[in-house]
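**Q** In full-length UniProt numbering, the protein residues as written are 1 to 689. Glycine residues also receive a C-beta, built at the ideal position from the N, C-alpha and C atoms. Please find one structure pasted underneath; my questions will follow.
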C-alpha cells in the first residue's frame, strides 16, 4: 500500500494526528523552522534584488536527516504546518530543505486538530500559497533590517548588547509616551455629593446623586463651592419629580480572537500574555482526555477573525436549545471582523461545544481547565440571545437642585447565564424599593459631600497594551506576546502588580529611536507597513518592492545617526567616588540594570559599586542628598542617599522649591512644578532653563 508522510511543526501534534490516520500515514515534526537568515550577517543581497540567503538553523541537521530518510520511503508528502503566514513559510522552507521538487507534495491545513478536520484537509490538498510565504519573508527581512542596522548604534550609546525592533520599538514608545503623560499629570480637585432620603412608610432609605444646580450640570471644584450649594438647600423640601422606566439590551459578546483572549485571561484569570498563549497552544495541539484519547480541545489560537464555521454554529444551536431552552439561542447572531482582520481562519472556540468543561476537568491541569472554561463559555455566550434589562431613573427635586438615582433589573439573562465579560465583573446594580413613587413623601436624612482628585491615565498592563497595539493596527495576533515578552526580557519595561513601567534603559533606547529613527517608531508608519504586508499576503503588492522602498530610507537614517552619534558618543563619566581597592577615580557604566560604578583599572581591578546620581535636592526629611535609585524590577524613583536610616522616596522628581502654600516639598510634573501633596494642589509653571 502507498505510504504517506505528514510533516507538522510541533512534536506535541504527532501523537494526536497519528491516532486519526491509518497505518499508511507516518507523522513527523519539524520542530518549528528549519531554515532562517544567518545570524552573522544581514542575510540578503541589496545589490541583487534583495534576494534572501537562507541557511539551515543550527541544531536542525538531525531533524532534517530523519525527515529526508522518511521522504525517500514516502509516495506522497503532506506539509501540515500551522494555518497562518509563518506556517506557510515553514512548509515552503521544508520543501526547499528536503528538496521535494520531484516528489508528490501537498499542503494541507486545519483550524482544529480533530479527526474530522484532519481527514477533511487530506481530501482537500492544495499548493503552497506563495503570497503568504512572501508576506512572511518580507516581515522577516524588515525586522532583520531594523534589528541588525540599528542595534549596533544602541550598543554604542547605551554600551550594552541591547536591541531595536520594528514592532518592539513602537510598543516601547507607546509605553514611554503614557509614562510621560502620567509624570506630567496635575491632579485637579472636584467634589460630588450624595443625599440620603427616607421614604415615608418604608424602612430602607434611598441614596441619590446631585446632578444639576439651577438647571446646569453640577460641578464644584473646591469645598467653598460645595458649601455654598449645601447652604442654598437649607430648609428645602424634596419630592420625586419624575420616574422613567425603559429597557436596555446588552449584546452577546463576540467569540475570542487572540487579542481579546489575552485581555480577558489577564483580567479574569490573572494570566500573563505569554502564559495564556502557552496554555492555549497545549489545548490546541492536544490533551489526553479520558474517554476521548489525545485530542485538540480548541481551534487555532492565532487569529484576528470572529468568523464561525456553519458546522460550529449548527452544533452550538443544538446544544443551547437542548441545554438552556429555545429562547436562549439567537439564530441571527453574527460577528463582523475589523477592517484589518486577516480572516484566514475562525475565531478561537472549543473544537466541540458538547465537550463541557466540567466533564473533562479531571483530565486537565488547573490552568488548562480555567482557560478552556473561559474559551468555552465565551463561545457559547456568543451564540446566545442578548440579555434584557428593565431600567428605572428617578429624579428628586429640592430647592434649585436635582438629584438622581437609577437601577436596573434583569428581565432575561440570555448569554449572561453562561458568561460575564471582564469589564462587567465588578459592575454593581442598584435596586430601588417598590414603595418609591411620584407621590412618595421624602425626608432628607443627610448630605454626603465627597472630595475627589482627577486621576492620571492608567499605567499600561499587558492586556491594555495588547488592546492598544490591536487598535492601532501594530503587529498581528502572532506578534503581541513575543513583542511584550521581548521588551520585558530586555528590561526596557518592568512589571509591578500587573502595571508596566519604563526603566532607565528603556528611556535611553526610546530617546535614541525618537531622535534618529522617528519614522520607524511612528505608529501610523508601522500600521501602514502592516497593511502593506497584508497586501502582499493577498497578492496585491509585490514583496520585494516593500523591501526596496524601505531599505534606502533606513540606510540614510543609519548613516546620519552614525555620524551624529560619533560626535555625541559618551565617554565613561568620572565620578567623585574613589575605588576602595586601588585608589582610582571610579567611572559610571551602564549595565542590564542601569548605571553602576566601576573601576577604570579593569581587568586588573574588578571593583564595582552601586551608583546613585545626585539631583541637587536636599531630602525633605533629613537634609541629605536625594539620589536616583532603581526598584528591584528596574523602575526609577527618587530616594534619600541615607537609606535605610531615612525612608524618603518619591516616584516624581523632587525640586528645590518649597510649596508657598503648605511648606511641603514640590515635584516636577512635565512643564509644571506641583506640590507633592495632592490635597494642597499648588501648581506653577516651570521656568525655562
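1) Is it right to say residue 481 is buried, meaning 16 or more other beta carbons lie within 10 angstroms of its own, or is it exposed?
2) Is there contact here, the region 313-321 with the region 400-408, by at least three beta-carbon pairs under 8 angstroms?
3) Span of the alpha helix (DSSP H) holding residue 121?
4) Looking at residue 379: is its Cβ nearer than 8 angstroms to the Cβ of residue 349?
5) Hey, how far is the Cα of residue 394 from the Cα of residue 437?
6) Could you please give the first and the last residue of the uninterrupted alpha helix (DSSP H) stretch that includes residue 259?
7) Roughly how far, in whole angstroms, is the beta-carbon of residue 198 from the beta-carbon of residue 205, given that I think they are within contact range, below 8 angstroms?
8) So, with DSSP's three-state summary, where would you put residue 559?
9) What whole-angstrom Cβ distance do residue 477 and residue 304 have, given they're in contact under 8 angstroms?
10) With distance defined between alpha-carbon atoms, name the residue in 559, 658, 357 and 502 nearest to residue 176.
11) Look at the alpha carbon of residue 534 and the alpha carbon of residue 370, and state the distance between them as a whole number of angstroms.
12) Can you look up residue 364 in the DSSP assignment and give me helix, strand or coil?
13) Counting C-beta neighbours from all protein chains within 10 Å, is the total for residue 453 16 or more, i.e. buried, or is it exposed?
14) Exposed or buried, which one is residue 92 when buried takes at least 16 other CB atoms within 10 Å?
15) Hey, would you say residue 325 sits closer than 8 angstroms to residue 15, going by beta carbons?
16) Using the C-alpha atoms, what's the distance from residue 87 back to residue 39?
17) Using only alpha-carbon positions, find the residue among 610, 625, 573 and 621 that is nearest to residue 600.
18) Quick one: using the 10 Å Cβ neighbour count with 16 as the cut-off for buried, is residue 53 buried or exposed?
19) Taking the alpha carbon of residue 636 as the point to measure from, which residue in 200, 508 and 411 has its own alpha carbon closest?
20) Within its chain, find whatever has a CB closer than 7 angstroms to the CB of residue 169; leave out the 5 residues flanking it on each side and keep chain order.
21) Inspect the beta-carbon positions of residue 240 and residue 396 and report whether they are closer than 8 angstroms.
22) Provide the residue span of the beta strand (DSSP E) that contains residue 287, from first to last.
23) Closest by CA to residue 649, which one among 630, 657 and 207?
24) Per the DSSP calculation, residue 298 is bridged to which residue(s)?
25) May I have the straight-line CA-CA distance separating residue 113 from residue 17, to the nearest angstrom?
26) I need the straight-line Cα distance from residue 694 to residue 302, nearest angstrom please.
27) Taking residue 310 as part of the alpha helix (DSSP H), name the residues at either end of that continuous run.
28) Could you give the first and the last residue of the continuous beta strand (DSSP E) run that contains residue 4?
29) Counting along the chain, where does the alpha helix (DSSP H) carrying residue 86 start and finish?
30) Within the region 122-163, note down every full alpha helix (DSSP H) run reaching 4 residues or more, in order along the chain.
**A** According to the structure data:
1) The sequence position of residue 481 within the chain shown is 481, counting from 1. Counting Cβ neighbours within 10 Å, residue 481 comes out buried, since at least 16 surround it.
2) No: fewer than three Cβ pairs fall under 8 angstroms.
3) Mapped onto the chain shown, residue 121 falls at position 121. From DSSP, the alpha helix (DSSP H) with residue 121 extends over 115-123.
4) Numbered from 1 along the chain shown, position 379 holds the residue referred to as residue 379. Numbered from 1 along the chain shown, position 349 holds the residue referred to as residue 349. A contact, by the Cβ cut-off of 8 angstroms.
5) Start at 1 with the first residue of the chain shown, and residue 394 comes out as number 394. Start at 1 with the first residue of the chain shown, and residue 437 comes out as number 437. Distance between the alpha carbons of residue 394 and residue 437 is about 9 angstroms.
6) Numbered from 1 along the chain shown, position 259 holds the residue referred to as residue 259. First-last of the alpha helix (DSSP H) with residue 259: 258-269.
7) Locating residue 198 in the chain shown gives position 198, where the first residue counts as 1. Locating residue 205 in the chain shown gives position 205, where the first residue counts as 1. That pair is a contact at about 5 angstroms.
8) Here residue 559 is taken as the residue at index 559 of the chain shown, counted from 1. Collapsing the DSSP output to three states places residue 559 in a helix.
9) Counted from its first residue, the chain shown places residue 477 at position 477. Counted from its first residue, the chain shown places residue 304 at position 304. About 5 angstroms separates the CB atoms of residue 477 and residue 304; that is less than 8 angstroms, so the two are in contact.
10) Mapped onto the chain shown, residue 176 falls at position 176. Nearest option by C-alpha distance: 502.
11) Here residue 534 is taken as the residue at index 534 of the chain shown, counted from 1. Here residue 370 is taken as the residue at index 370 of the chain shown, counted from 1. The alpha-carbon separation between residue 534 and residue 370 amounts to approximately 34 angstroms.
12) Here residue 364 refers to the residue found at position 364 when the chain shown is read from its first residue. Correct three-state label for residue 364: coil.
13) As a working mapping, residue 453 is identified with position 453 in the chain shown. Exposed is the call here.
14) Residue 92 sits at position 92 when you count from the first residue of the chain shown. The residue is buried, with at least 16 neighbouring Cβ atoms inside 10 Å.
15) Numbered from 1 along the chain shown, position 325 holds the residue referred to as residue 325. Numbered from 1 along the chain shown, position 15 holds the residue referred to as residue 15. It is not a contact, given that the beta carbons lie outside the stated cut-off.
16) To locate residue 39, count along the chain shown from 1; it is residue 39. To locate residue 87, count along the chain shown from 1; it is residue 87. Approximately 21 angstroms between the Cα atoms of the pair.
17) In the chain shown, counting from the first residue as 1, residue 600 sits at position 600. With distances taken between Cα atoms, residue 600 lies closest to 573.
18) Indexing the chain shown from 1 puts residue 53 at position 53. Exposed, by the Cβ-count rule.
19) Counted from its first residue, the chain shown places residue 636 at position 636. Out of 200, 508 and 411, 508 has the C-alpha closest to the C-alpha of residue 636.
20) Residue mapping note: residue 169 aligns to position 169 of the chain shown, counting from 1. Around residue 169: 513, 520 and 521.
21) Position 240 of the chain shown holds residue 240. Position 396 of the chain shown holds residue 396. The beta carbons of residue 240 and residue 396 sit closer together than 8 angstroms.
22) As a first step, residue 287 is located in the chain shown; it is residue number 287 there, counting from the start. That run of the beta strand (DSSP E) goes 287-289.
23) Stepping through the chain shown from its first residue, residue 649 is reached at position 649. Closest option to residue 649, Cα to Cα, is 630.
24) Residue mapping note: residue 298 aligns to position 298 of the chain shown, counting from 1. Answer is 350.
25) On the chain shown, residue 113 is found 113 positions in, with the first residue counted as 1. On the chain shown, residue 17 is found 17 positions in, with the first residue counted as 1. Taking the straight line from one Cα to the other gives about 7 angstroms.
26) Here the chain covers residues 1 to 689 and nothing more, so residue 694 does not appear.
27) Taking the first residue of the chain shown as position 1, residue 310 is located at position 310. Judged by DSSP secondary structure, residue 310 falls within the alpha helix (DSSP H) whose first and last residues are 310-323.
28) Sequence index remark: in the chain shown, residue 4 carries index 4 (1-based). Element bounds for residue 4: 4-8.
29) For the purposes of this step, residue 86 is taken as the residue at position 86 of the chain shown. 85-97 is the extent of the alpha helix (DSSP H) around residue 86.
30) Whole alpha helix (DSSP H) segments, 4+ residues: 130-158.
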